[in-house]
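Residue numbers (this note's numbering): 45 to 190.
Glycine residues also receive a C-beta, built at the ideal position from the N, C-alpha and C atoms.
Keep in mind that this is a model prediction, so the values were computed, not measured.
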């Protein structure tokens, strides 16, 4: 695993279509649910996307799996590293286990035990959890030094 740098990119339609093909057999198709109170408050129809129904209970699996599966063989051999206070960690752990890739996940030392146990459950022996610092920023600094 090598020192990394966070980047941002603007999604293009071709990227969105490719992500759909990659994810369609990994994530659940979640419903939209009409929300009456928000609709009344804003004077329009408001629907909530129920990503809390995913196996890892959030949409974070989408980005984690989409990126990790795109790694080349050398990158897969090195494994992945991330910093997360919870939901992203679960998505990375699930993806590592599914793709049989090693991962190191830095989480704040104050992370609730339940969240840590969920990450362990999703990642199994494919992941190592490192508890460090009190904030996401502490974890990110350690992950970037890895």
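Checking the sheet assignment: what are the DSSP bridge partners for residue 192? Because residue 192 is not part of the residues shown, which for the chain are 45 to 190, the question remains open.
Take residue 113 and list the residues in its own chain whose beta-carbon comes closer than 8 Å to its own, dropping the five residues that flank it on each side. The residue you call residue 113 lines up with position 69 of the chain shown. Taken in chain order, the residues that qualify are 66, 139 and 143.
Going by other Cβ atoms of all chains shown within 10 Å of its Cβ, with 16 needed for buried, is residue 126 buried or exposed? Start at 1 with the first residue of the chain shown, and residue 126 comes out as number 82. Its Cβ being crowded by 16 or more others within 10 Å, residue 126 is buried.
Do residue 167 and residue 187 have their CB atoms nearer than 9 Å? Here residue 167 is taken as the residue at index 123 of the chain shown, counted from 1. Here residue 187 is taken as the residue at index 143 of the chain shown, counted from 1. Cβ distance not < 9 Å, so residue 167 and residue 187 don't count as in contact.
Beta bridge counterpart(s) of residue 77 as assigned by DSSP: Translated into positions along the chain shown, residue 77 becomes position 33. Beta-bridge pairing links residue 77 to 92.
My understanding is that residue 115 touches residue 97, with C-beta atoms under 8 Å, so please give their C-beta distance in whole angstroms. On the chain shown, position 71 is the one that residue 115 refers to. On the chain shown, position 53 is the one that residue 97 refers to. Not really, about 27 Å apart at Cβ, beyond 8 Å.
Please confirm whether residue 154 and residue 124 have their CB atoms less than 9 Å apart. Within the chain shown, residue 154 is the residue found at index 110, counting from 1. Within the chain shown, residue 124 is the residue found at index 80, counting from 1. For residue 154 and residue 124, no; Cβs fall outside 9 Å.
Of the residues 128, 134 and 87, which one's Cα is nearest the Cα of residue 99? As a first step, residue 99 must be located in the chain shown, where it is residue number 55. Residue 99 has its Cα closest to that of 134, out of 128, 134 and 87.
Apart from the five residues on each side of it in sequence, which residues of its chain come closer than 8 Å, Cβ to Cβ, to residue 89? Indexing the chain shown from 1 puts residue 89 at position 45. So the list reads 78 and 83, once near-sequence residues are dropped.
Can you give the Cα-Cα distance for residue 130 and residue 94, rounded to whole angstroms? What you label residue 130 is simply residue 86 of the chain shown in a count that begins at 1. What you label residue 94 is simply residue 50 of the chain shown in a count that begins at 1. Approximately 18 Å between the Cα atoms of the pair.
Distance check for residue 150 and residue 189, CA to CA, integer angstroms please. Against the chain shown, residue 189 aligns to sequence position 145. Against the chain shown, residue 150 aligns to sequence position 106. Looking at the two C-alpha atoms, the distance is approximately 11 Å.
Secondary structure of residue 143, DSSP reduced to three states: By one-based count along the chain shown, residue 143 stands at place 99. Residue state, collapsed to three classes: helix.
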